[in-house]
Structures are given as structure tokens and as C-alpha cells.
Amino acid sequence: MLQLNRDTLVEAFTLMKTIRDFEDRVHTEFATGAIPGFVHLYAGEEASAVGVCLNLNDSDYIASTHRGHGHCIAKGCDVDGMMKEIYGRRDGLCGGKGGSMHIADLAKGMMGANGIVGGGPPLVCGAALSAKTLGTGGVAVAFVGDGGSNQGTTLESYNLAKVWNLPVIFVVEDNGYAETTASAWAVGGSQTKRAEAFGMPGREVDGHDFFDVYEAAQEAVERARAGDGPSLLHVRLGRHYGHFEGDAMAYRAEGEVEALRRDKDCLKAFRTRVTETGLLEPEQLDQIEREVGARIDAAVAGAIGAAAPAAEDLLTDVYASY
Amino acid sequence: MLQLNRDTLVEAFTLMKTIRDFEDRVHTEFATGAIPGFVHLYAGEEASAVGVCLNLNDSDYIASTHRGHGHCIAKGCDVDGMMKEIYGRRDGLCGGKGGSMHIADLAKGMMGANGIVGGGPPLVCGAALSAKTLGTGGVAVAFVGDGGSNQGTTLESYNLAKVWNLPVIFVVEDNGYAETTASAWAVGGSQTKRAEAFGMPGREVDGHDFFDVYEAAQEAVERARAGDGPSLLHVRLGRHYGHFEGDAMAYRAEGEVEALRRDKDCLKAFRTRVTETGLLEPEQLDQIEREVGARIDAAVAGAIGAAAPAAEDLLTDVYASY
Amino acid sequence: MSKKSYRQAINEALAQEMRRDPTVIVMGEDNVGGMGAPGEDDAWGGVLGVTKGLMPEFGRARVLDTPITESAFIGAAAGAAATGLRPVAELMFVDFMGVCFDQIYNQAGKFRYMFGGQGTTPLVIRTMYGAGFRAASQHSQCLYPVFTHIPGLKVVIPSSPYEAKGLMIQSIRDDDPVIFFEHKVMYDDEEEVPDEPYTIPFGEANLTREGGDVTVVAIGRMVQFANQVADKLEKDGIGCTVIDPRTTSPLDTDSILESVAETGRLVVVDEASPRCNMATDISALVSQEAFSALKAPIRMVTPPHTPVPFAPELEDLYIPGPDQIEAAVRAVAGYRA
Amino acid sequence: MSKKSYRQAINEALAQEMRRDPTVIVMGEDNVGGMGAPGEDDAWGGVLGVTKGLMPEFGRARVLDTPITESAFIGAAAGAAATGLRPVAELMFVDFMGVCFDQIYNQAGKFRYMFGGQGTTPLVIRTMYGAGFRAASQHSQCLYPVFTHIPGLKVVIPSSPYEAKGLMIQSIRDDDPVIFFEHKVMYDDEEEVPDEPYTIPFGEANLTREGGDVTVVAIGRMVQFANQVADKLEKDGIGCTVIDPRTTSPLDTDSILESVAETGRLVVVDEASPRCNMATDISALVSQEAFSALKAPIRMVTPPHTPVPFAPELEDLYIPGPDQIEAAVRAVAGYRA
Ligand SMILES: Cc1ncc(C[n+]2csc(CCOP(=O)(O)OP(=O)(O)O)c2C)c(N)n1
Ligand SMILES: Cc1ncc(C[n+]2csc(CCOP(=O)(O)OP(=O)(O)O)c2C)c(N)n1
Ligand SMILES: [Mg+2]
Ligand SMILES: [Mg+2]
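Protein chains in written order, with our numbering: chain A, 22 to 343; chain B, 22 to 343; chain C, 5 to 341; chain D, 5 to 341.
Structural data, given as C-alpha cells:
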């Protein structure tokens with residue numbers, strides 16, 4: 022097992038639990054009709070975002086997907102600002118103009134969720150090029166789904182990152198489905214072989230196991246920081262909710278989600294691991310859970326009570342100057 | 022050695038020589054200023070087009086690239102019509118509206134040269150889908166350059182052809198350069214590993230050896246016709262001229278082209294092979310060469326003497342009806 | 005004849021054409037749904053259910069799900085159209101054109117011209133457009149002006165269920181590449197739609213209201229709003245002719261010019277971004293061809309030159325609505341030189 | 005001050021900005037040339053030589069060659085622009101936008117709005133456009149109307165070497181994504197161009213000729229033709245004001261409207277395909293905002309709604325030329341209601 026200090030473990034648990042509660046609450050709130058638009062929840066996949074992002078610092082960048090809340094939280098975005106954004110409030114992280122699919126916080130190195138499948142990989146090549154050119158020592162991570170792994174923009178980026186020898190990590194989060202379509206059907210060949218076929222290391226990772234993700238990401242990040250170029254992680258995990266809120270999930274097996282929640286929950290696995298090995302006390306974790314719960318309650322209350330954008334906001338922020 | 026009958030060998034030599042003479046003449050004629058626009062010559066790569074296309078029939082389709090003359094001739098396009106097209110004449114294969122980069126002959130299964138690098142691979146997936154859906158027994162071939170092998174459209178097509186189990190053959194013609202950029206630099210990983218990473222067989226082929234190409238293509242075509250899906254050939258070869266006419270080739274090594282012409286000429290190799298093994302007589306080949314030369318002379322003379330399109334042609338053929 | 009939704013009308017058109025012609029196939033992401041998955045087959049029938057039921061009737065060989073790979077499968081549809089099939093491919097949101105536009109405008113749209121009149125490309129691309137779904141700036145665009153700009157493409161924008169069915173059948177039978185725009189907030193709109201197949205020809209506008217004072221040309225969903233305004237203003241004594249061009253390429257310029265010749269006053273309503281859009285296209289046409297008939301400035305009603313915002317309050321401000329149309333009509337009706 | 009070609013002017017602008025600001029980088033296919041190849045370094049300097057000499061001065065870390073992978077490297081340029089660099093990326097021919105448009109209009113062009121005003125995206129995309137090179141239908145398009153349509157993008161179309169240098173320097177210093185259109189048949193055009201760096205602001209049109217009878221707005225290469233016609237007609241007593249908008253987004257609407265207020269007659273010359281193009285955009289603007297000043301129909305001079313043909317005879321017919329402009333100007337000048 023990795024030698025992680027207690028602070029890191031506490032941070033990991035706090036972040037994972039924050040994502041879980043955030044998503045569970047968005048799920049409930051969405052059902053009330055209070056949240057507009059498309060919302061794609063990350064619940065069940067927390068170990069991936071957190072296992073990767075705990076290896077990063079503020080000079081590192083990530084680009085996310087339509088399923089971006091978890092990545093945002095793991096990269097340090099403010100949950101109050103995020104919740105307000107999802108509600109379309111003026112004080113949201115993007116002034117209410119972006120919504121769930123476009124949350125970004127450039128100051129935290131979060132280059133944006135993305136409504137375009139495969140939109141992020143080219144962008145992180147650019148962030149990595151900036152890091153390399155400016156000598157910041159930073160790395161850049163593209164999260165992409167199993168579905169997004171078939172998009173030409175993603176595949177091109179593998180090659181560009183290799184050819185330019187960029188400090189990039191491609192994290193393919195394979196939750197088994199792209200909308201309703203099984204990755205087992207839609208992904209010809211294999212993710213790790215694809216990585217190798219473009220000349221970079223590829224590694225399969227158990228996305229329900231924070232420690233496995235953390236360690237694999239650490240290796241990839243170190244490699245990138247050392248100037249040894251890109252690599253790819255194929256993270257297998259499962260989503261607790263539908264593709265988006267409102268999806269009846271008819272395409273999933275009966276009992277599939279229940280089994281996932283029961284047997285593959287990254288939070289449960291983490292708790293077992295750290296308490297059994299005596300690294301953290303159960304009470305400590307309970308305490309974190311209570312704090313996180315309160316924080317999310319506050320975020321929702323804050324979002325509900327917050328003001329909508331003003332009419333004049335419609336016309337601002339199109340250009341820096343025009 | 023493959024068991025090819027004499028007729029096929031005669032056809033192979035005739036086609037390869039036709040391409041060579043066609044291109045050598047276009048090179049000379051271009052220098053006179055008579056030919057407008059961009060022209061990319063295929064000389065030196067003949068064994069690839071011919072080795073592949075001799076495995077095809079009229080119900081099979083190919084899609085080509087900007088360097089399309091060789092593929093057109095190998096797939097049976099009329100050389101007079103081609104030459105006229107390159108000169109922009111009304112009787113050209115495309116009425117003078119397409120030019121060198123857009124020669125097509127749908128009746129011959131030639132879906133077009135293409136001015137867009139990576140334009141063809143998606144299209145052949147469609148031709149293969151037609152063949153499969155309509156039960157024609159046909160297959161479809163995408164020719165793509167080493168440079169085009171990095172384009173997302175190409176990479177996506179590998180996956181789609183695999184996932185849909187289409188009768189497609191991807192022929193990556195690696196002439197070492199994309200414009201001036203070496204494939205050794207621009208292609209991360211390897212072509213054959215890429216094929217395998219998408220779940221299809223990939224095979225390296227000596228593109229200066231007609232027999233090697235023919236045999237590899239035969240295997241791939243048989244596989245496709247049998248319903249066993251796509252495969253990829255990585256054909257290594259060299260081009261005798263610049264990227265396009267007018268290219269001074271400063272990026273190539275001194276003596277590189279000379280060595281290619283001297284040691285790697287597919288026509289010379291073919292002649293040696295078939296005459297040494299007694300399959301064809303030198304005189305037969307000489308005779309073919311004379312005939313081909315006359316044919317190309319006639320094509321050029323015909324093109325020079327042919328009429329330009331008429332003014333009203335500008336507005337026709339935009340739509341089938343409007 | 006029975007009440008059908010816009011969604012049902014399109015679905016019925018697809019099903020009837022697939023029955024009539026075995027070369028018609030349908031493809032797109034999750035157009036069936038559940039491909040390779042353990043649960044139900046036909047699990048989605050498209051993200052908003054438009055293709056539901058086609059696979060059970062026609063099988064997976066004619067209703068194909070695809071990986072997320074728009075260049076490859078839209079290009080495949082183009083290639084299939086050039087080689088014997090009549091594919092109806094779904095580009096889920098028109099906003100996604102940016103990852104596959106080449107196959108549409110440089111390939112499918114130019115085949116016939118580049119190849120000197122060889123062959124046909126009977127390709128239909130179905131795609132969702134428009135704001136109002138709180139789907140934010142990458143899922144709410146119109147973008148039909150971009151397709152209208154391209155020679156070789158036809159652009160169809162049905163404004164109601166009846167229009168949708170007839171125009172879809174025409175699109176499938178048409179021998180050129182057609183981009184068929186479905187407004188995502190209209191899928192549940194209902195009206196009487198014939199049960200049997202019928203076609204609506206391209207390039208023939210529909211006059212949904214007739215009046216002598218002002219010509220209002222409206223595109224897609226905007227036709228509804230224009231009709232509302234026309235009905236309201238009729239009571240105030242302002243007669244509007246509302247023209248739904250149905251197709252922006254080809255465009256029925258005659259109907260527009262004839263109407264303006266009568267009314268002398270024009271309002272164009274376009275949900276697309278305001279620069280180089282259909283409002284400018286039609287305004288320019290009229291200012292060149294019917295100048296002498298014009299009695300008032302042309303007024304364009306469009307959203308502002310901004311991406312589509314997420315917050316409902318902003319999005320509602322963004323979308324051109326009946327109030328703005330009414331104001332524009334009143335302004336041109338009341339204009340005296 | 006010395007005579008410089010359009011090519012040299014752009015090259016000089018790039019070099020001077022790279023000297024001034026170490027965050028400016030240049031990238032594109034064969035922008036250096038010979039990458040990984042055995043022969044000369046800086047073998048091409050771009051397909052038509054515009055970036056030649058930059059690599060020897062600034063090194064391969066700042067002048068990057070790329071694989072043929074426009075989505076990835078144009079997207080990388082966008083991502084780099086959002087994270088501290090000022091990239092100038094070359095999309096060799098604008099016709100290739102179809103394989104990478106998403107990164108331009110859904111990513112770079114919308115960052116600032118989607119993100120509620122966070123950050124800037126100082127990205128320049130240099131690209132070649134236009135007909136006349138006998139390059140056929142996939143290498144001859146204009147397509148700037150498509151970019152002009154998109155909120156969040158700026159569109160710059162220099163009409164001469166002087167314009168090219170000043171507008172390029174402005175583009176690099178600008179904090180928004182800029183698409184910089186270079187006409188491929190103008191690279192050898194020469195005129196006096198200052199040696200020192202200078203900027204030309206966006207959204208400020210240039211009046212290249214002044215005359216009281218007709219306003220001619222022309223885009224890009226068409227400005228030359230418009231000037232020729234203005235000079236010729238001046239001798240016949242028809243005075244033209246020729247307006248080069250320089251940037252179509254932002255567009256200097258004031259200059260156009262002021263001129264039309266004086267002349268009352270407008271011709272718009274646009275090399276782009278005629279539907280939803282800049283000719284329609286400017287005509288519509290004027291017919292809405294300056295109607296009462298108009299004394300004649302607006303005339304648009306554009307190519308026909310066809311792809312660009314290959315044969316020189318056809319291509320020459322395709323491109324709007326001085327004769328058509330002259331005829332249009334004479335027609336509006338001679339128009340009496
Ligand atoms: C270019 C593009 N194509 C299609 C879509 C519609 N879409 C949104 S999410 C999605 C599925 C993505 O699957 P995956 O990449 O596996 O991510 P997951 O949803 O499983 O996290 C699709 C098809 C899109 N947003 N962008
Ligand atoms: C999408 C696109 N990008 C760039 C180009 C410009 N271009 C034309 S040919 C070429 C090089 C192609 O190299 P390769 O695929 O190896 O083919 P080769 O010329 O060697 O036969 C490039 C970059 C293009 N036509 N289309
Ligand atoms: Mg997935
Ligand atoms: Mg090559």
C-alpha cells in the first residue's frame with residue numbers, strides 16, 4: 022500500500038465524500054424541478070477524479086467532460102460557487118452563464134467541463150505546451166469517457182502529445198456506457214493497447230479503488246513532470262445514476278446499480294481500507310461525513326436563495342474587448 | 022511467389038507503367054505551365070495502387086487522396102479522361118470542374134481523389150456499409166498517407182469499421198513524408214500496432230514490391246469479403262517527385278531520390294522478377310512499354326487539344342435538382 | 005388524420021419511408037440504444053425518442069447505433085449515399101457539426117460538382133437546433149445559416165408537425181444532401197397530421213397568415229411566434245402575411261418578393277445569431293430585388309451577438325419572442341417616410 | 005519604410021511580435037518544414053513561405069511543426085492561449101476548418117462567455133482563403149461569413165501588405181480569438197510598409213477612396229477591384245467611396261452608415277458564396293439602419309451559389325471582378341426611382 026500521510030487521506034476522503042453528497046443532492050434537487058437543463062452526475066466515480074487530482078497542484082491543469090462536477094471538486098473548485106452555477110445564479114462560478122456542463126475555474130487549473138465529447142484532449146495539449154514553454158513544471162490531465170475515447174479529437178491528441186512530448190495524462194474513465202451504448206461494443210480493441218500504439222504507456226486501473234488510481238496517476242504525473250511525455254490510464258468504474266438526470270436506465274441489467282453501490286463503492290472501500298489498517302479512525306470519517314453533509318446543505322440552501330443573473334449580463338463577457 | 026497468371030502479370034505491368042508514364046509526363050507538362058493548380062504525383066508508388074486494386078472488381082470501391090492519379094488508373098479510370106481533367110477540359114472525367122485533386126469515376130468504384138487529408142476513410146466505411154447492406158459482396162479500400170494516418174477522421178474510421186464489422190481495407194501509404202515532415206517524427210507509435218489496438222490485423226508491406234503488396238491485399242480483401250471485418254496495410258514506399266510540382270525537396274537527403282529510383286524502383290523489380298522466373302519475356306515488357314508510352318502521348322495531345330468548359334457549366338451540377 | 009406530435013410526425017415519416025424503400029437506413033448515437041448492453045433493446049430510440057420503435061420493426065441492420073465518432077459515421081452516411089443507400093444520419097445536436105463538418109460540406113455537398121455531375125448523394129442529416137432547453141451554449145445553437153451558406157447542401161427547417169412529416173419524406177426522396185433541422189423544444193407540439201405519406205416540395209414557402217400591411221418572414225420555431233403576433237395584430241387592424249420558407253436552401257424568393265411587393269414592409273425573424281444569418285440573407289434579397297416596393301426600413305428580429313446563456317432568465321431574454329416581433333411589426337407598419 | 009509583399013508583411017509582423025513578447029509562439033503544418041527529415045531545416049517555412057525564417061531566429065520551441073491533426077493542434081493553441089501563451093496557429097487553408105471547427109467556435113470562441121468572464125484566449129488562427137489559384141473546390145473557399153456568424157470570434161481580412169502587417173500585430177496583441185484571413189493570390193502583392201511595428205485597430209474601416217455618388221463596401225481582395233473601378237469611374241464623373249471594413253467582426257457599422265447617408269447608394273462586393281455572406285450582412289444592416297437615405301436598390305456583387313470550379317475559364321467567371329463591380333456601380337448610380 023502507498024505511503025500516504027494522514028492529511029492526504031483525510032483530504033481524499035473529504036473530497037470523495039463531497040463529490041458523493043454533492044451529486045446525491047443534485048439528484049434529489051433536480052427531481053424537484055429546481056435545476057434547469059442537462060445534468061450528468063459523477064456519483065460512483067469519485068475515486069478517479071480524486072485519485073488523479075491529489076497528485077496535482079494549482080499550476081497543473083485539467084480538462085473535463087459533460088460529467089464534470091467530480092473533477093471540479095477534486096481540482097479545488099468552490100462547491101458553493103458550483104452549486105450556484107448549476108442553479109444558474111449570478112454568483113455561480115461562471116455567473117450562471119455556463120451551467121453544469123461548463124463549470125470552469127481557470128485560477129484553480131480547471132479548464133472547464135465540456136459539452137462536446139472529446140472537446141478536452143486537444144485543450145490539455147495546449148495547457149501542457151504552455152507549461153513546457155513557460156517552464157512552470159506543470160502537467161495537464163484530460164478526463165475523457167469510454168465514449169469519448171473513440172472521438173477523433175481524442176485520438177489525435179494522443180499522437181500530438183506523443184510527438185510533441187507533452188506532459189499530459191489521458192484518463193479514460195470507462196463507466197461501461199456512453200449514454201446507453203456499452204463500451205464493450207463501441208470501443209474496438211483496447212484502451213491500453215491504443216496508448217501503446219501511439220507510443221505511450223497505458224495502464225489499466227480499478228476506478229473503485231482510490232489507492233490504485235492514486236498510485237497509477239502518481240506514476241504518470243511523475244513521468245510527465247520528468248519530461249518523459251504522455252501516458253494513459255484506463256480507469257474502470259461505474260456510475261450510480263443514469264446518463265443524465267431523467268434517464269430510466271432501461272439498458273442496464275437488473276440489479277446492476279444496486280450491486281455497484283453494494284460491492285464497488287469507492288467510499289466504502291476506502292473506509293474499510295484506512296480503518297482496518299488503522300490509518301484513520303472510524304469516528305474521524307464519521308465526523309468528516311457530517312461536515313461534508315452540512316457543507317452541501319449550505320451550498321444547496323445558498324444556491325436556492327441566490328439571485329439570478331441581471332438582464333445586462335446577457336451581453337457581457339462575449340469578448341475581452343470588442 | 023504468388024501464383025499469378027500471365028494475364029494478371031501483364032495487366033499489373035501495364036497499369037504500373039501507365040501510372041509511371043502518366044506521372045512523368047504530367048511532371049514535364051506541368052513545367053511548361055500548361056497545367057493549372059496543385060498537382061501531386063504518385064510516381065514511385067505504383068506497386069501499391071496496382072497491387073491493391075488488382076484484387077478488386079467494379080463492385081468494390083476505393084477512396085483516394087490528393088495524390089490520386091495512381092489509384093485512379095489502377096482502379097480503371099480512363100487515362101484520356103484523367104489527363105483532360107488535369108488540364109481542366111470539358112471532356113475531362115469531371116467536366117474540368119474537379120481537376121487533379123478531385124478525379125472520380127463512380128461507375129468504376131473510384132469515389133474520388135480528395136483534397137482533404139483524411140477525407141476518404143469515413144467515406145469508404147459508407148461504401149462498405151452499402152456493400153454489406155445491399156449484399157453486393159463488395160469491399161471498400163481507403164488509401165491514406167502517413168500524414169493522413171494521424172488525422173482523427175482516419176483513426177475514427179478504424180474504430181467504426183471494426184465496431185460495424187465492415188469489409189474495409191485501410192492502406193496506409195507511407196512514403197516517409199507528409200509534405201516536408203518525416204513520418205518517423207509525426208507518427209507516434211506504429212501503424213500496425215494502431216491497427217491491432219483498434220482490434221484489426223495490421224501488416225507491414227514492402228511497397229516497392231508488387232508481389233508483396235498483392236499478396237497482403239489479397240489476404241485483406243478475402244478477409245473482408247468473408248465478413249471478417251477490416252484490416253490495415255502499412256505500405257512503405259517512396260515518392261519520386263516533390264510533395265507537389267514546384268517543391269524543391271530541400272528536406273530530403275542528398276541522393277535520396279536517385280537511390281530510390283536506382284534501387285527501389287517497383288517497375289525494375291517487377292521486370293527482374295518476372296523475366297528471371299521466365300513468367301514474361303523482356304520483349305513482351307518492352308512492347309507494353311512502347312504501347313503505354315504511345316497511349317500517354319495520345320492522352321497529352323488529346324488534353325492539349327481539348328476544349329475548355331463552356332460558361333454555362335459554371336452553374337450546373339451543384340444539385341441533382343434545386 | 006390524427007393529432008401527432010412533431011416527434012411522432014418525424015418518426016412516422018422515417019418508418020413509412022423505410023417500409024417503402026429498403027435502401028433507406030437510419031443511424032446515429034443511441035438511435036436504438038442499449039447496443040452491447042445487458043438491458044432492454046431499443047432502450048432510448050434517440051436521446052429525445054424520435055427514432056424509437058424503428059429498430060424493432062426494421063432490425064439493427066437498418067437502424068444502426070454508432071460510436072461517438074461523428075466524422076466517421078456522418079462521412080460513412082455520405083459514402084453510403086454515394087454508393088446505393090439513402091441514409092438518414094442523426095447529428096444529435098447541430099452544435100456538434102464542428103467535429104464532422106468537413107464530411108458534410110467538403111465531401112457530401114461538393115461530390116456532384118467536383119465530379120462533374122456524376123452520381124447523386126441522397127443523404128439526410130437530422131439534427132436538433134435551437135435555444136429554450138436550458139442546455140447552454142454548446143447545445144442550443146441554430147447554425148442553419150452556416151449550412152445555407154454552402155452550395156451543394158439543402159437546408160430544411162420544419163415549423164410544425166405537419167411540416168415535419170411532409171418535409172422529412174421529401175428529404176429522404178431527394179437526391180441531394182439535406183440537412184433537416186428539428187427544434188428541440190417543439191418535439192411535443194401537436195397538430196393534425198395525415199396518416200398516409202405525403203411530401204412537401206422544397207423551395208415553396210408556406211403562407212401561414214395573409215394580410216396586406218406587413219410581410220413577416222420567420223424561420224423554424226419563430227413561425228409560431230409570428231403567427232401569434234399576426235393573430236393579435238389583426239384585431240388591431242394590422243394585417244400580416246407570415247411566410248414560412250420551409251427550406252432556406254433552396255429559398256422561395258418569389259413568394260417573399262411577391263408579398264413585399266404588396267405590403268412594402270418586411271420583418272424577418274430568425275433565431276440564429278445575428279451576423280450573416282437568414283435575417284440578413286432575406287433582408288438583403290429584398291433590398292436588392294424589391295427596393296422600389298419598400299415603404300419602410302426592413303426590421304430584423306434576432307437574438308444578440310452572444311453565445312446562448314445557461315440561466316433561464318438570460319436564455320429567455322436571448323430568444324426572440326412575440327413581444328419583439330410585435331414591436332418590429334408595429335414599427336414598420338407605423339413608419340412614414 | 006520599404007516595399008514589402010503581403011507575405012513579407014505578415015512574416016515581419018510575426019517576427020517583431022515574437023521578439024517583443026516571449027509568450028508568442030507559432031505553429032502549423034510545415035511552418036518550419038523538414039521536421040525529422042534528413043535534409044535542410046526550415047525547408048519550407050509554410051506551404052507558401054509565410055513563416056520562413058522564424059525558426060532560425062526563435063528556435064523550434066517557439067516555431068512548432070505539427071502532425072496533420074488540425075483538431076488537436078488548433079485545440080492545443082486554444083488551450084495554450086487560455087493558459088499563458090499567445091499562439092499563432094496556422095490552419096493552412098480555411099477550407100480545412102471542417103476537421104477542427106469545434107475547437108474554434110465551441111471551445112476558444114465560447115470560453116469567456118461560458119466561464120462568465122474568466123480568463124482570456126489570445127489566440128490567432130492564420131488561414132488562407134479565396135479563389136484564383138486553380139486550387140479547386142476544397143482549397144478556394146472564403147468561409148469568413150461562417151466565422152463572422154459566431155459570437156466570440158473576431159474576423160480580420162487584410163486587403164493589402166500595409167493592412168496585413170498592422171492587423172497581424174493587433175491580432176497578436178488582442179485578447180480574444182482572432183481568425184486572420186490571408187488571400188492566397190495576394191502574397192506577392194507589394195506596397196510600402198513601415199519597418200517598425202504598428203497596429204491597426206479592429207472595427208475601424210478604411211476608406212480607400214472617397215466620392216459622393218456611391219458607397220462600395222468590399223472585403224479582402226475585392227478592395228483592390230473596387231479601387232480600380234472607383235478610379236476608372238471617377239474619370240466618368242461617378243464618385244465612389246470605397247470602404248474596406250478590415251474586420252468583419254467587429255464591423256465598423258458607423259463608417260458604412262455614414263457613407264450611405266451621404267451617397268444614398270450602396271454596392272457590396274464579397275468573394276464569399278452568396279447566401280448568408282458579408283454582402284447580405286452589410287446590405288441588411290443598411291436596409292434596416294439607413295433606409296431613409298437609400299436612393300437606389302442595394303446591389304450585391306458575389307460569386308454564384310456553386311462550389312469553386314477547377315478549370316481556369318470557369319474559375320475566372322466565378323470570381324467577382326472589376327467588370328461586375330463597375331456594372332453594379334453604374335446601375336445604382338444611374339438608378340432613378
Ligand atoms: C461531439 C459530441 N457528440 C455527442 C454528444 C452527446 N453525448 C453527450 S455525453 C455522451 C456520452 C458520452 O459517453 P462517455 O464518453 O462514455 O462519458 P460518460 O457519459 O459515460 O461519462 C454523448 C453521446 C456530445 N455531447 N458531443
Ligand atoms: C485536412 C488537411 N490538412 C492539411 C492539408 C494539406 N496537405 C495536403 S497533402 C499534405 C501532406 C499529406 O501527407 P501524406 O498523408 O503522407 O500523403 P503524401 O502527400 O505523402 O502522399 C498536407 C499537409 C490538407 N489537404 N487537408
Ligand atoms: Mg462512459
Ligand atoms: Mg506521405
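In this text, a Cβ means the ideal position worked out from N, Cα and C, and glycines have one as well.
Per the C-alpha coordinates, the member of C:Arg225, C:Ile247, C:Tyr148, C:Pro165 positioned closest to C:Phe100 is C:Tyr148. Closest by C-alpha distance to C:Lys114, out of C:Cys146, C:Glu74, C:Lys158, is C:Lys158. The C-beta of D:Val103 comes closer than 8 Å to at least one C-beta of chain B. The beta carbon of B:Leu114 sits no closer than 8 Å to any beta carbon of chain D. Residue contact check for B:Arg260 against chain D: no CB pair falls below 8 Å. Contact annotation: the region 207-215 of chain A touches the region 215-223 of chain B, with at least three C-beta pairs closer than 8 Å. Taking 7 Å as the cut-off, one finds at least one heavy atom of ligand 1 near enough to the beta carbon of A:Thr86. Using a Cβ distance threshold of 8 Å, A:Leu155 and A:Glu194 do not count as a contacting pair.
Proximity of the region 263-272 of chain B to the region 39-52 of chain D meets the contact definition, three or more beta-carbon pairs being nearer than 8 Å. With fewer than three CB-CB distances shorter than 8 Å, the region 49-56 of chain C does not count as touching the region 69-77 of chain C.
When DSSP states are grouped into helix, strand and coil, D:Lys299 belongs to the coil group.
C:Asp69 is bridged by DSSP to C:Gly32. Taking the Cβ atoms as the reference, A:Leu176 lies roughly 6 Å from B:Gly173, within the contact range of under 8 Å.
Each residue's CA atom was taken as its position, placing C:Thr152 and C:Thr131 some 14 Å apart. Taking all protein chains in view, the Cβ of A:Ala328 is surrounded by fewer than 16 other Cβ atoms within 10 Å, so the residue is classified as exposed.
Here the region 136-143 of chain C lies against the region 51-71 of chain A, with 3 or more beta-carbon pairs under 8 Å apart.
For A:Tyr82, DSSP records a beta bridge to A:Ala161. B:Cys287 and B:Glu67 have their C-alpha atoms roughly 7 Å apart. According to the DSSP assignment, A:Gly326 belongs to the alpha helix (DSSP H) that extends over 303-326. The residue from B:Tyr343, B:Met37, B:Ala319, B:Asp167 with its alpha-carbon nearest to that of C:Pro205 is B:Tyr343.
If you look at A:His90, you'll find it isn't in any beta strand (DSSP E); it sits in the alpha helix (DSSP H) that goes 90-95. About 5 Å separates the beta carbon of D:His309 from that of C:Pro155, a gap short enough to meet the 8 Å contact definition. At a cut-off of 8 Å between beta-carbon atoms, C:Ser75 makes contact with chain A. Here the C-alpha atom of C:Asp258 lies approximately 21 Å from the C-alpha atom of C:Gly170. Remark: the shortest separation between the CB of B:His229 and any heavy atom of ligand 2 does not fall under 7 Å. Within 8 Å of the CB of A:Ile137, the CB atoms of chain D belong to Asp106, Asn110, Gln111, in sequence order along the chain. Inter-residue distance for B:Asp81 and C:Ala81 is about 17 Å (C-alpha atoms, whole angstroms). Taking the Cα positions, B:Ala163 is about 25 Å away from B:Phe291. Residues of chain D with a Cβ closer than 7 Å to the Cβ of C:Tyr10 do not exist; the shortest Cβ-Cβ separation is about 25 Å. Per DSSP, C:Met132 is one residue of the beta strand (DSSP E) stretching across 128-133. In the three-state scheme derived from DSSP, where H, G and I count as helix and E and B as strand, D:Asp180 is classed as coil. The alpha-carbon of C:Ile247 is positioned some 38 Å away from that of B:Ala331.
Selection around ligand 4 by beta-carbon proximity, strictly under 7 Å to any non-hydrogen atom, yields B:Gly166, B:Asp167, B:Gly168, B:Glu194, B:Asp195, B:Asn196, B:Gly197, B:Tyr198, B:Ala199, B:Ser204 in chain order. The beta carbon of B:Gln239 is closer than 7 Å to those of Asn76 in its chain, skipping five residues each way along the sequence.
Taking 8 Å as the cut-off, the beta carbon of B:Ser85 is found no closer than this to the beta carbon of B:Asn26.
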